[in-house]
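Protein chains: 2
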Amino acid sequence: MSAAQRKHQTAAILVIGNEILSGRTREANAYLAAQQLFERGCRLSEVAVVPDIADSIIGTVNRLRASHDAVISSGGIGPTHDDITMECMARAFDVPLIEHRYIVQAMTEYYGEEGLNDGRRRMSRVPQGAHLIRCEKTIAPGARIGNVYVLAGVPSIFASQLEVILDDFGGLAFHRMEVEVCFPESTFAAALDRIQQQFPDVEIGSYPGTFGIKPCGKICLSSQDAEQLESAHRAVQSLIEKLQSA
Amino acid sequence: MSAAQRKHQTAAILVIGNEILSGRTREANAYLAAQQLFERGCRLSEVAVVPDIADSIIGTVNRLRASHDAVISSGGIGPTHDDITMECMARAFDVPLIEHRYIVQAMTEYYGEEGLNDGRRRMSRVPQGAHLIRCEKTIAPGARIGNVYVLAGVPSIFASQLEVILDDFGGLAFHRMEVEVCFPESTFAAALDRIQQQFPDVEIGSYPGTFGIKPCGKICLSSQDAEQLESAHRAVQSLIEKLQSA
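Listed in order, the protein sequences are those of chains A and B.
Using my numbering, the first residue of the first sequence is number 1, and each one after it goes up by one.
Using my numbering, the first residue of the second sequence is number 247, and each one after it goes up by one.
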C-alpha cells in the first residue's frame, strides 16, 4: 500500500481452524491482532472462527470483506491436506490458484531441487494477482488479495507476518483508561449511562468482577479523542468518589 | 428440554463484547464452551465475536440460529447501559421485552424492595416466552429463547450457566488422539492425505511447532467413531515410524 492510499479504518479477523472449534487450542492470533489494531487506531468489528471447510471459509470471507475495509485471516496455509485457505481465497475472489514463481524460486534455493516436494510445492500456490507477505520466520509467504490478508496459523509466524502488514491499518490511535470500582454495577448504572450520553465519542464499558466475595470490577473508557477521554474519565472518577463517600 | 426431544448436534457461539475486540480481554468463554461441547459430542461450527452494537448482535444471532441447531451467547446481560443483549434478542425474535415476574420476585426477596433499583430492574427483563437459566452464581438468570441460550459474560457466571444447559447438547462424544511428529510437515503431507482419504469419518489435522530450532508438531485425530479413530491413529503412528527409520 502506498502512503497516498487510505489506511484501513475497520477490520475483521477470520480464524480458520478445527483446533479452535474443538477446544483443543486456545485462540491466540485474533487476541494479538486485536491489541495491535487497537493501538494503531483501526476498529476491529468482528472476529469469526470457522472450520477447515471450503464453503464456510469462502462464505465467511466474502461476507466479511464486503462489510469491512480489510480482513485478516489466520490459518490453513501449510502443506497438509487440511490447509485449504489459499484455494478457498482464490474461489472467493473467482480467480485461478497459481504456482507463484518467486515462491518456487525461493523454495528451490532454500531446499534444493530435490527438497521441493509436493507439500512444499502446495505452499507456493496463491490466488492469481495476490501480493506476497514475506517475513523472516518462514520461507512460505502469506498473501494479500484485494482487501484480504492471508496469514499463517502458527502464532510465531502469524505475529511476524502481522508486523509486516500493520502499516496498512489504522489512523488515530485509540486510548484506554480504566477506573476500579468496588460497588455492585446496579448502584452506578444509571449515572454511568448519563456520562455515556454526555460523551458519545468515548466508549464506556463496565466489567464486573469480585475481590473475594466483594464486588470489584473495572469501568473501561476508550476513545480516539484524548481530550474527551480525559473528561469522561474525570466524570467517572468523580462518580465513584461520590459513591465512596456516600 | 425434555428427554424425548432431540439434543442439539451443532452449535455456534456468539460472544458479545467490545472488550474482546479491543484486545483488552482475552476470550475465555468460547474456549470453555468449545471444550465442553466437544466432550458432549456437539459440533461447534462457528464462533462469532461482535461489538455491543444492536444491529451487529441482531444480524449475527439471526444468521447463526438459522444455520445451527443452537446458539450460545455470552455477554451483555448486566445492569449497565452497554448491556443490550436481552433487548437485541427480543428484537431478533420479534417479541416484546418483558419484565419477568419471577426475576422481580427473586430480586425483591434478595435485595429487599428498596434494593430493587433501576439497574437491577433492567436485569429482570427477558424476551417474552423465554425460559430462565438459573445458576447458583447469580440472582440474575440467563434465558433461552427458541434455540438461543443467552448467558453472562463474566467467566465464572458463564461457566455456571453453561453447566446448567449442557444436557441439551450433544450425542455421541468426540474422541481425540494425538501423535507427536518431529519432521517438517511437507515430508509426510502426501501420505497423511492418503490416510485422511481412507478414514473420512476421522478429522485429521496437522499442527506444526518447533522444539528449539527443530520442527516438532502434532498430528491430531478426532472422531465420534472410536474404532475408526484407533485405526487411523495406528496408520499415522506407522507412517511416523517409517519416517523415523528412513
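The C-beta atom is built at its ideal place from N, Cα and C for all residues, glycine as well.
- Under the three-state reduction of DSSP, F38/A is assigned to helix.
- Bounds of the beta strand (DSSP E) holding I133/A are 131–135.
- Between the C-alpha atoms of I133/A and R368/B there is a straight-line separation of about 49 Å.
- Secondary structure of I299/B (DSSP, three-state): coil.
- Closest by C-alpha distance to M107/A, out of R125/A, F211/A, L97/A, S186/A, is R125/A.
- Within chain A, L21, S22, G23, R24 have C-beta atoms less than 9 Å from the C-beta of F284/B, given in sequence order.
- When the five nearest sequence neighbours on each side are left out, the beta carbons in the same chain lying within less than 8 Å of the beta carbon of E136/A are those of S160, in order along the chain.
- Residues of chain A with a Cβ closer than 7 Å to the Cβ of P297/B are, in chain order, S45.
- If you draw a straight line from the Cα of D225/A to the Cα of M335/B, it is about 32 Å long.
- At a cut-off of 9 Å, the C-beta of A280/B has a neighbouring C-beta in chain A.
- From the beta-carbon of Y207/A, the residues of chain B found nearer than 7 Å are E265.
- Out of A437/B, A258/B, Q374/B, the CA that lies nearest to the CA of R311/B is found in A258/B.
- When Cβ-Cβ separations below 9 Å define contact, P446/B makes no contact with chain A.
- Q9/A has a beta carbon lying at 9 Å or more from every beta carbon in chain B.
- For D328/B, the nearest CB of chain A lies under 9 Å from its own CB, placing it at the interface with that chain.
- Close CB contacts of P325/B within its chain, under the 7 Å cut and outside five residues either way in sequence, are with G365, R366, R368, M369 (chain order).
- Straight through space, the alpha carbons of Q197/A and A478/B are spaced by roughly 59 Å.
- Listed along chain A, the residues sitting closer than 7 Å to P325/B by beta-carbon distance are E185, S186, A189.
- Per DSSP, G119/A is one residue of the alpha helix (DSSP H) stretching across 118–122.
- Think of a sphere of 9 Å around the beta carbon of R176/A: the chain B residues whose beta carbon falls inside it are S268, R270, in chain order.
- As computed with DSSP, M177/A is found in a beta bridge with L221/A.
- At a cut-off of 9 Å, the C-beta of R311/B has no neighbouring C-beta in chain A.
- Looking at the backbone, the Cα of R63/A and that of S22/A are separated by about 24 Å.
- Counted as a single uninterrupted DSSP element, the stretch harbouring T271/B is not any beta strand (DSSP E), since DSSP gives it neither H nor E.
- Residue pairing by DSSP places I391/B opposite V394/B in a beta bridge.
- Put simply, the CB of D118/A is near chain B, with a gap under 9 Å to one of its CB atoms.
- Fully enclosed alpha helix (DSSP H) runs of no fewer than 4 residues occupy 331–339, 347–357 of the region 313–359 of chain B, in order along the chain.
- In the DSSP secondary-structure assignment, I13/A is bridged to V47/A, I72/A.
- With a cutoff of 9 Å on beta-carbon distance, I323/B and A386/B are scored as near each other.
- I465/B is positioned such that its CB atom lies no closer than 9 Å to that of V448/B.
- In chain order, S124 place their CB closer than 6 Å to the CB of I103/A, counting only its own chain and leaving out the 5 sequence neighbours on each side.
- Secondary structure of K242/A (DSSP, three-state): helix.
- If you draw a straight line from the Cα of V15/A to the Cα of A294/B, it is about 10 Å long.
- R125/A carries a strand assignment under DSSP once its states are collapsed to helix, strand and coil.
- In this structure, the straight-line span from the alpha carbon of L239/A to that of N29/A is close to 37 Å.
- In terms of Cβ geometry, D55/A and D83/A do not form a close pair [threshold 9 Å].
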